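Remarks on the structure that follows.
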Amino acid sequence: MSSFKLVWVLTTSHHLHLPLASSEYIFKSYLRLHLSLHLRLHLRSQLRFPLPSHISPSSTYPVQVKQPTHFKMSAFQGKLAIVTGASKSNGVGFATALTLAQQGADVVIHYNSNKEAALKNLEAIKALGVKAIAVQADASSVTFGTDIIKATTDAFPGRTIDVLVNNAAALTAKPDLASFTVEDFESIFNINVRSIFLLIQAAEAHFSAPGARIVNVSSVVARFGLAPGNFYAGSKASLHAMTRGWSEYFAPRGINVNVALLGPIETDLVFPEDNPYVARFREDQHIKRNGTTKEVADAILFLSGTGSAYITGQVLNIDGGMTYA
Ligand SMILES: NC(=O)c1ccc[n+]([C@@H]2O[C@H](COP(=O)([O-])OP(=O)(O)OC[C@H]3O[C@@H](n4cnc5c(N)ncnc54)[C@H](OP(=O)(O)O)[C@@H]3O)[C@@H](O)[C@H]2O)c1
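This is the structure we're talking about:
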């Protein structure tokens, strides 16, 4: 408010029924009011609402924003992330672990059968200057969760877990209903669902609270089914409901749990272009192509960071616009 406007307000409202003060008195009053208001704003910004470090506290508004380069490069500095299924160099898991490490996170990468590939991934991650380990664990085992958490706490004593990305999964495809077996059912549900329950359960006491993030990786087929991969689609769909439950359970501790739902992504799991399902995907997609692992990793990074503080129990569709819900 300009001096002129303030003098006008004072003379026409508050002081209407008082003897008119001299303009010098009014101007001094305005100065006092202005300085005290300014001091209060300054103190408030310093004490009650500390500004983010990339914003310089300034005695005049608007505040000046410094180039937030450090924010870009190390948003996850000092954080510890676990990514399951990070063995293959062309897989979603490794892309996610690498992206988190590029942002400064120390990383636990998990693998099952592909030890050699996982160790190469480990070297690539360590070359970024962060701490990292690779842990072998079979998701069909009841010790899956405790195996990974024990290795994590042994390697990172005293640290808490900031990010858990449940990415490992398996798919069995069969041509007809009669071919599916009870063993298939148990195997797929144990690997894709039970293992995630076991890992979250084992990690519970070790999560950073508030602030930890859990991201469960799902698929578009959880929404529209997949006859030849019916158990896979069903296992992913059940993960959505369980994510809602975990979200409710962990929210009071400031721990967010979300689903990253993937469309067709260029990995070993993607359908070949001549598969009839691909034509259906393309028809439903607004962005009519397979996604890249980097595109998935960037979206998971968002769900893993501070930018998703008010998002929990949600399904983020990373599928080129294929699904909507
Ligand atoms: N690519 C797609 O088009 C697509 C679409 C929708 C959803 N998804 C989801 O994206 C996630 C990553 O898949 P991806 O495409 O990156 O496939 P991927 O390259 O085949 O990776 C699968 C990962 O899961 C691990 N895994 C498989 N069976 C396991 C078991 N019994 N115990 C422990 N780990 C096991 C593998 O470990 P080892 O190699 O060491 O055995 C591997 O690291 C999965 O959750 C998948 O359902 C992918």
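Count the sequence shown with our numbering and you get residues 29 to 353, in order. Note that beta-carbon positions come from the ideal geometry of N, C-alpha and C, so glycine has one too. In this text the structure is predicted, and so the values were computed from the model without any measurement.
Pick out the complete alpha helix (DSSP H) segments inside the region 103-145, 4 residues or longer, and give them in chain order. 120-130
Simplified DSSP assignment, three categories, for V306: helix
Buried or exposed for A337, going by 16 or more other Cβ atoms inside 10 Å? exposed
What does the Cβ neighbour count give for S334, buried or exposed, with the cut at 16 atoms within 10 Å? Note that residue 334 is Thr in the sequence shown, not Ser. Looking at its Cβ environment, which holds fewer than 16 other Cβ atoms inside 10 Å, T334 is exposed.
Cβ atoms of V136 and I153: under 8 Å apart, would you say? No, Cβ-Cβ distance for I153 and V136 is not below 8 Å.
Cβ of G341 within 8 Å of Cβ of E276? yes
Considering only heavy atoms of ligand 1, does any lie closer than 7 Å to the CB of G113? yes
When we look at the beta-carbon of D388 and count the other beta-carbons within 10 Å, is it buried (16 or more) or exposed? As shown, the chain starts at 29 and ends at 353. That puts residue 388 outside it, with no answer to give.
Anticipated Cβ contact below 8 Å, L289 with V248, distance rounded: 6 Å
Per-residue DSSP class, three states only, for N318: coil
Quick one: Cα of F184 to Cα of F259, how far? 36 Å
Closer than 7 Å: I339 CB and nearest ligand 1 heavy atom: no
Nonlocal neighbours in the same chain, by C-beta distance under 6 Å from D175, ignoring five residues either side: A165
At the level of alpha carbons, what is the spacing between R187 and N194? 19 Å
Alpha helix (DSSP H) segment containing V249, residue limits: V249 to F252
Please state whether DSSP places S236 in a helix, a strand or coil. coil
Can you tell me which of G257, I177, V191 and Q229 puts its alpha carbon nearest to the alpha carbon of F213? G257
At which residues does the beta strand (DSSP E) containing L289 begin and terminate? N284 to L290
Contact set for E294: own chain, Cβ-Cβ below 8 Å, skip 5 residues either direction: N118, N318, G319, T320 and T321
What is the residue span of the beta strand (DSSP E) that A230 lies within? From DSSP, A230 is part of no beta strand (DSSP E) but of the alpha helix (DSSP H) over S223 to A231.
Residues in the same chain with beta-carbon distance under 7 Å from H314, minus the five sequence neighbours each way, listed in chain order, please. G348 and G349
For F330, which residues of its own chain have a beta-carbon under 7 Å away from its beta-carbon, when the five flanking residues on both sides are left out? S336
Inter-residue spacing [alpha-carbon to alpha-carbon] between L344 and G132: 24 Å
Does the beta-carbon of N195, which I'm using as the reference point, lie nearer than 7 Å to any heavy atom of ligand 1? yes
Relative to the alpha-carbon of R148, which residue among Y305, T171, R281 and K116 has its alpha-carbon at the smallest distance? The sequence shown places Lys at residue 148, not Arg. Comparing Cα-Cα distances from K148 to each of Y305, T171, R281 and K116, the minimum goes to K116.
Measuring only the C-alpha atoms, how far is A114 from K316? 27 Å
Three-state class that DSSP yields for S246 in the structure shown: Three-state result, S246: strand.
Under the three-state DSSP convention, the category R272 falls into: helix
For K107, which option in A196, S236 and A201 has the closest C-alpha, if you only look at C-alpha atoms? Among A196, S236 and A201, the Cα nearest to that of K107 belongs to S236.
Minimum C-alpha distance to V123 - residue among T171, E232, T180 and A196: Before going on, a small fix: residue 123 reads as Ala here, not Val. Closest by alpha carbon: A196.
Is it buried or exposed, T171, if we count other Cβ atoms within 10 angstroms and call 16 or more buried? exposed
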